[in-house]
Amino acid sequence: MVANPSLVLKKIDEIVFENQEAPTITEPTDVIVQVKKTGICGSDIHFYQHGKIGNYILTKPMVLGHESAGVVTEVGPGVKYLRVGDNVAIEPGVPSRFSDAYKSGRYNLCPHMRFAATPSTKDEPNPPGTLCKYFKSPEDFLVKLPDHVSLELGAMVEPLSVGVHACKIGKVKFGDTVAVFGAGPVGLLTAATAKTFGAAKVIIIDVFDNKLQMAKDIGVVTHTFNSKTDGDYNDLIKHFGGQPNVVLECTGADPCVGMGVNICAPGGTFIQVGNAAAPVKFPITQFAMKELTLYGSFRYGFGDYQDAVNIFDANYKNGKDKAPIDFERLITHRFKFDDAIKAYDLVRSGCGAVKCLIDGPE
Amino acid sequence: MVANPSLVLNKIDDITFETYEAPEIVEPTDVIVEVKKTGICGSDIHYYAHGKIGNFILTKPMVLGHESAGVVSQVGKGVKHLKVGDRVAIEPGIPSRLSDAYKSGHYNLCPHMCFAATPNSTEGEPNPPGTLCKYFKSPEDFLVKLPEHVSLELGAMVEPLSVGVHASKLGKVTFGDNVAVFGAGPVGLLAAATAKTFGAARVIVIDIFDNKLQMAKDIGAATHTFNSKTGGDYKDLIAAFDGVEPNVILECTGAEPCIAMGVQIAAPGGRFVQVGNAGAAVKFPITEFATKELTLFGSFRYGYGDYQTAVNIFDANYKNGKDKAPIDFEQLITHRFKFDDAIKAYDLVRAGSGAVKCLIDGPL
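Respectively, the protein sequence lines represent chains A and B.
Going by UniProt numbering, the letters in the first sequence line up with residues 1 to 362, in that order.
Going by UniProt numbering, the letters in the second sequence line up with residues 1 to 364, in that order.
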């Protein structure tokens with residue numbers, strides 16, 4: 001048996017290191033990846049603290065982590081494009097190949113989705129996370145990283161794909177004027193995507209000045225607005241020089257959703273990315289009178305992972321100095337695998353981390 | 001001066017008959033219509049009882065009515081397709097021809113819209129007149145000629161039917177869709193009728209009154225009905241709908257529990273059109289919405305092409321005669337009044353008489 005050191009959430013407040021059995025090639029298109037870098041996501045922290053998110057309830061131990069990149073160590077006989085030694089980003093959710101959702105082009109909505117580090121609603125083992133040494137994926141759920149895109153950036157492909165998916169659902173395009181609510185990692189990466197897709201103006205809204213400053217520093221916004229101190233939605237519109245035609249809501253917070261409807265131009269687009277813990281107060285008549293369109297956005301689907309890698313590729317192709325967006329600055333904390341529990345506790349305590357990366361086990 | 005007897009809302013609870021000056025041809029494309037039939041809309045009743053709807057506040061007298069059909073009595077020299085004597089449905093909202101909203105194909109969102117019987121928000125300007133009068137002026141392109149076999153009574157229902165048409169087009173209702181309509185009032189029934197006409201395989205209408213649900217079945221607009229007060233919860237609705245999650249929701253109530261139920265029953269990836277007005281912000285299950293990747297379309301009145309489509313729906317429905325008509329639209333007309341009894345008509349509808357659509361004749 002090949003040892004697979006793993007980081008396991010046993011139940012609320014209890015994370016331990018365990019040695020599990022490494023996965024083996026069973027399908028011809030299976031690939032084994034040695035995980036090198038993993039980012040901590042807010043959802044991991046939520047399971048750590050609360051043991052559940054919505055209908056996903058932790059009833060048995062689960063390997064954590066789903067934002068990872070690594071190196072291919074083994075390939076099945078049917079693998080066509082990847083070779084041992086390739087650097088890859090791992091897309092952590094594998095759907096059923098037979099579901100209507102998959103067939104109709106919306107595999108992210110597949111009811112049989114097995115998503116790393118998300119408790120299964122069925123009577124089966126929890127889908128393993130990526131905070132371990134060896135992780136198995138089918139070839140088509142791995143994206144090869146170009147030479148100039150590091151494994152650290154590879155670990156950010158997952159949250160960037162959330163932003164990509166949201167911007168594609170909302171058809172963000174050249175010339176759009178975009179408002180993003182929330183300057184956490186998802187909001188920042190969503191703003192980065194909108195900018196890359198050609199938005200003429202991007203304003204980001206949050207209640208913390210340091211987060212707004214980060215958005216400016218990395219080059220993803222043309223405007224910022226502190227919704228606690230800078231006034232109401234009329235002040236935002238004045239500051240922005242007009243109503244945005246696209247709103248990307250990345251907080252799930254009631255006042256942000258309401259403000260988003262208030263600022264959006266008639267006929268505009270509103271994409272809901274952020275999760276709300278409970279139903280929100282929604283100004284549906286203002287929404288209807290302006291004929292806005294609200295798109296629900298959930299994780300990412302076909303082509304989003306490749307687009308995210310392509311965004312990093314294009315951004316860094318002329319070197320770090322000429323990179324339009326300073327994505328690497330979002331990585332604020334780095335830990336070795338043996339300090340993974342410390343990493344989780346640090347992020348859980350709200351230390352001002354943007355993206356915290358954990359190395360794979362040696 | 002040509003006399004124009006009109007029904008005027010002076011202020012809350014105060015409707016009177018007044019004689020105003022009839023409109024005249026000013027632009028070459030102007031048409032004068034002698035109004036023959038007008039339906040009462042819930043919004044009229046709301047102004048009568050509350051004096052305002054959202055930001056539209058009644059501060060000066062206003063001629064009521066906006067759901068009308070009539071006969072062309074005069075045409076300007078630039079009028080190309082209509083003649084004196086033609087029967088027409090009147091589209092009551094005229095936008096600015098210069099606005100960005102108009103130019104970009106969204107004239108219903110024009111900020112300078114002049115909508116009959118909706119208070120004008122501009123200071124010092126008279127309220128746009130309603131259609132409950134003898135003579136009403138429209139530009140030619142905001143009138144739709146009625147085919148021979150489509151009566152003036154149906155012509156007065158083109159306006160609310162256009163609301164259903166606009167919503168169904170926004171929601172891209174198409175052949176084979178499974179549609180849920182919340183609300184079995186006139187708007188819901190006409191929205192269901194539109195969905196059926198557009199080829200929906202199944203249409204379920206939801207309301208809390210059995211008699212309204214019966215009407216939906218009787219007129220042929222619904223394949224299924226569900227009483228959300230007595231029929232159970234959203235799972236029971238799906239069971240009653242042949243186990244099918246609807247892929248299109250047309251929300252025509254504005255009521256919080258209906259909106260939430262709509263999100264719960266919708267199939268993943270489905271489309272949700274908000275037609276009904278809510279009095280205040282609603283509690284909205286936005287995470288379920290996002291997890292299912294639904295799309296919510298806000299729908300407001302009607303826009304380019306919707307009036308013509310509505311007339312075409314009546315045309316196709318009645319072309320082989322009333323007996324062979326798939327949908328019995330005329331059954332929706334439950335009350336009829338002469339112009340002189342218009343105030344009685346408004347009081348009857350306001351009292352909650354069980355009227356579906358109440359029509360008032362134009363002045364003689």
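Note that beta-carbon positions come from the ideal geometry of N, C-alpha and C, so glycine has one too.
Item to check | Boundaries of the alpha helix (DSSP H) in which B:Leu-348 is found, first to last residue | outcome: Looking up residue 348 of chain B in the second sequence gives position 348. That run of the alpha helix (DSSP H) goes 342-350.
Checklist entry - Is A:Ala-288 near B:Ser-99, with beta carbons less than 8 Å apart? => result If you number the first sequence from 1, residue 288 of chain A lands on position 288. If you number the second sequence from 1, residue 99 of chain B lands on position 99. Taking 8 Å as the Cβ cut-off, A:Ala-288 and B:Ser-99 do not qualify as a contacting pair.
Item to check | Residues near B:Ala-240 by beta carbon distance below 7 Å, same chain, minus five either side | outcome: Counting from one through the second sequence, the residue named residue 240 of chain B turns up at place 240. Excluding sequence neighbours, B:Ala-240 sits near His-224, Phe-226, Gly-231.
Next on the checklist: Tell me the residue span of the alpha helix (DSSP H) that contains A:Asn-262.
Outcome noted: Position 262 of the first sequence, counted from the first residue, corresponds to residue 262 of chain A. From DSSP, the alpha helix (DSSP H) with A:Asn-262 extends over 254-263.
Next on the checklist: Against chain B, does A:Phe-298 count as a neighbour if the rule is that its beta carbon must be under 8 Å from one of theirs?
Outcome noted: Start at 1 with the first residue of the first sequence, and residue 298 of chain A comes out as number 298. Yes, because at least one Cβ of chain B sits closer than 8 Å to the Cβ of A:Phe-298.
Item to check | Where the alpha helix (DSSP H) through A:Ala-343 begins and ends | outcome: Along the first sequence, one-based indexing puts residue 343 of chain A at 343. Taken as a continuous stretch (DSSP letters only), the alpha helix (DSSP H) holding A:Ala-343 covers 340-348.
Item to check | Contacting residues, own chain, Cβ-Cβ under 6 Å from A:Pro-266 (five flanking each side not counted) | outcome: Position 266 of the first sequence, counted from the start, is the residue given in the question as residue 266 of chain A. Cβ-Cβ distances below 6 Å link A:Pro-266 to Lys-290 in the same chain, with the five nearest sequence neighbours on each side left out; the list follows chain order.
Item to check | A:Ser-227 versus A:Asp-206 - alpha carbon distance | outcome: For this step, residue 227 of chain A is matched to residue 227 along the first sequence. For this step, residue 206 of chain A is matched to residue 206 along the first sequence. Each residue's Cα considered, the two are about 6 Å apart.
Checklist entry - How many Å lie between A:Glu-91 and A:Glu-74 at the Cα? => result In the first sequence, residue 91 of chain A corresponds to position 91, counting from 1. In the first sequence, residue 74 of chain A corresponds to position 74, counting from 1. One C-alpha to the other measures close to 17 Å.
Item to check | Closest residue to A:Gly-258 among A:Gly-242, A:Asp-232, A:Gly-241 (Cα-Cα distance) | outcome: On the first sequence, position 258 is the one that residue 258 of chain A refers to. Ranking A:Gly-242, A:Asp-232, A:Gly-241 by Cα distance to A:Gly-258 puts A:Asp-232 first.
Checklist entry - Going along chain A in order, which residues have a C-beta closer than 8 Å to the C-beta of B:Gln-274? => result Locating residue 274 of chain B in the second sequence gives position 274, where the first residue counts as 1. Using a Cβ-Cβ cut-off of 8 Å, B:Gln-274 is close to Ile-284, Phe-287, Ala-288 of chain A, given in chain order.
Item to check | A:Asp-86 in three-state terms, based on DSSP | outcome: Here residue 86 of chain A is taken as the residue at index 86 of the first sequence, counted from 1. Coil, per DSSP.
Item to check | Backbone secondary structure at B:Arg-336 - three-state DSSP | outcome: Along the second sequence, one-based indexing puts residue 336 of chain B at 336. Secondary structure of B:Arg-336 (DSSP, three-state): strand.
Checklist entry - Which residues of chain B have a Cβ atom closer than 9 Å to the Cβ of A:Val-257, listed in chain order? => result Counted from its first residue, the first sequence places residue 257 of chain A at position 257. Below the 9 Å Cβ cutoff, chain B contributes Phe-284, Ile-286 as neighbours of A:Val-257, in chain order.
Checklist entry - According to DSSP, what are the bridge partners of A:Gln-272? => result On the first sequence, residue 272 of chain A is found 272 positions in, with the first residue counted as 1. For A:Gln-272, which the question treats as bridged, DSSP gives the partners A:Glu-249, A:Gly-296.
Checklist entry - How would you list, in chain order, the residues of chain B whose beta-carbon sits under 9 Å from the beta-carbon of A:Gly-252? => result Here residue 252 of chain A refers to the residue found at position 252 when the first sequence is read from its first residue. Close to A:Gly-252, with beta-carbon spacing below 9 Å, are these residues of chain B in chain order: Ile-286, Thr-287, Ala-290.
Checklist entry - In chain B, what lies closer than 9 Å to A:Leu-109 by C-beta? => result In the first sequence, counting from the first residue as 1, residue 109 of chain A sits at position 109. Within chain B, the residues near A:Leu-109 are Pro-268, Gly-269, Thr-291, Lys-292, Glu-293.
Checklist entry - Counting pairs of Cβ atoms below 8 Å between the region 171-187 of chain B and the region 246-259 of chain B, do you hit three or more? => result Contact between the region 171-187 of chain B and the region 246-259 of chain B is established, with three or more Cβ pairs separated by less than 8 Å.
Checklist entry - Going by beta carbon distance, what residues of the same chain come within less than 7 Å of A:Phe-204, once the five residues before and after it are set aside? => result Here residue 204 of chain A refers to the residue found at position 204 when the first sequence is read from its first residue. Note on residue identity: the sequence assigns Ile, not Phe, to residue 204 of chain A. Counting only Cβ-Cβ distances below 7 Å, and skipping sequence neighbours, we find Val-180, Ala-183, Gly-187, Ala-191, Leu-212, Ala-215, Val-221, Thr-224.
Next on the checklist: Using only the alpha-carbon positions, how far apart do A:Pro-138 and A:Val-79 sit?
Outcome noted: Locating residue 138 of chain A in the first sequence gives position 138, where the first residue counts as 1. Locating residue 79 of chain A in the first sequence gives position 79, where the first residue counts as 1. When the Cα atoms are used, A:Pro-138 and A:Val-79 turn out to be separated by approximately 9 Å.
Item to check | Proximal chain B residues relative to A:Asp-275, where beta-carbon distance stays under 9 Å | outcome: The count along the first sequence starts at 1 and reaches residue 275 of chain A at position 275. It is worth fixing the name first, because residue 275 of chain A is Asn in this sequence and not Asp. Under the 9 Å cutoff, chain B gives Ile-286, Thr-287, Ala-290, Thr-291.
Item to check | Between the CA atoms of B:Lys-77 and B:Gly-171 - distance to the nearest angstrom | outcome: Walking along the second sequence from the start, residue 171 of chain B turns up at place 171. Walking along the second sequence from the start, residue 77 of chain B turns up at place 77. Rounded to whole angstroms, B:Gly-171 to B:Lys-77 spans 40 Å at the Cα level.
Next on the checklist: So, with DSSP's three-state summary, where would you put B:Ala-49?
Outcome noted: Sequence index remark: in the second sequence, residue 49 of chain B carries index 49 (1-based). In this structure, DSSP gives B:Ala-49 a helical state, which the three-state scheme calls helix.
Next on the checklist: Tell me the DSSP secondary structure of B:Ala-316 in three-state form.
Outcome noted: Position 316 of the second sequence holds residue 316 of chain B. Looking at B:Ala-316 - three-state DSSP - the assignment turns out to be helix.
Next on the checklist: I'd like to know if B:Gly-305 contacts chain A, where contact means its C-beta is closer than 8 Å to some C-beta of that chain.
Outcome noted: Position 305 of the second sequence, counting from 1, holds the residue named residue 305 of chain B. It does not; no Cβ of chain A falls within 8 Å.
Item to check | Within-8 Å CB hit, A:Tyr-295 to chain B | outcome: If you number the first sequence from 1, residue 295 of chain A lands on position 295. With 8 Å as the cut-off, A:Tyr-295 counts as an interface residue toward chain B.
Checklist entry - Whose Cβ in chain B lies nearer than 8 Å to the Cβ of A:Gln-49? => result Indexing the first sequence from 1 puts residue 49 of chain A at position 49. Per Cβ cutoff of 8 Å: no residues; A:Gln-49 is ~18 Å from chain B at best.
Next on the checklist: Does any residue of chain A have a CB that is nearer than 8 Å to the CB of B:Ala-278?
Outcome noted: By 1-based counting over the second sequence, the position of residue 278 of chain B is 278. At a cut-off of 8 Å between C-beta atoms, B:Ala-278 counts as an interface residue with respect to chain A.
Checklist entry - What is the residue span of the alpha helix (DSSP H) that B:His-166 lies within? => result The residue you call residue 166 of chain B lines up with position 166 of the second sequence. 158-170 is the span of the alpha helix (DSSP H), which, as asked, contains B:His-166.
Next on the checklist: Using 8 Å for Cβ pairs, my map puts B:Ala-89 next to B:Leu-146. What's the rounded Cβ distance?
Outcome noted: On the second sequence, position 89 is the one that residue 89 of chain B refers to. On the second sequence, position 146 is the one that residue 146 of chain B refers to. Indeed, because the Cβ distance is near 6 Å, the residues count as touching under 8 Å.
Next on the checklist: Can you confirm whether B:Gly-254, when its beta carbon is compared against all beta carbons of chain A, has any partner nearer than 8 Å?
Outcome noted: Residue 254 of chain B sits at position 254 when you count from the first residue of the second sequence. B:Gly-254 counts as touching chain A.
Next on the checklist: Quick check for students: name the residue ranges of the beta strand (DSSP E) that lie wholly in the region 120-159 of chain A, counting only runs of 3 or more.
Outcome noted: Listed in chain order, they are 134-138, 142-144.
Checklist entry - Does the beta carbon of B:Ala-281 come closer than 8 Å to any beta carbon on chain A? => result Taking the second sequence and counting its residues from 1, the one referred to as residue 281 of chain B is at position 281. Cβ-Cβ to chain A under 8 Å: yes for B:Ala-281.
Item to check | Residue(s) in a DSSP beta bridge with A:Val-33 | outcome: In the first sequence, counting from the first residue as 1, residue 33 of chain A sits at position 33. A:Val-72, A:Phe-135.
Item to check | Near-chain A residues of the region 229-261 of chain B - C-beta to any C-beta below 8 Å | outcome: Those residues of the region 229-261 of chain B that come within reach of chain A (Cβ to Cβ, closer than 8 Å) are Gly-254, Ile-259, Ala-260.
Next on the checklist: Could you check whether the Cβ of B:Leu-7 sits closer than 8 Å to any Cβ belonging to chain D?
Outcome noted: Reference to chain D is not applicable here, since the protein chains of this structure are A and B.
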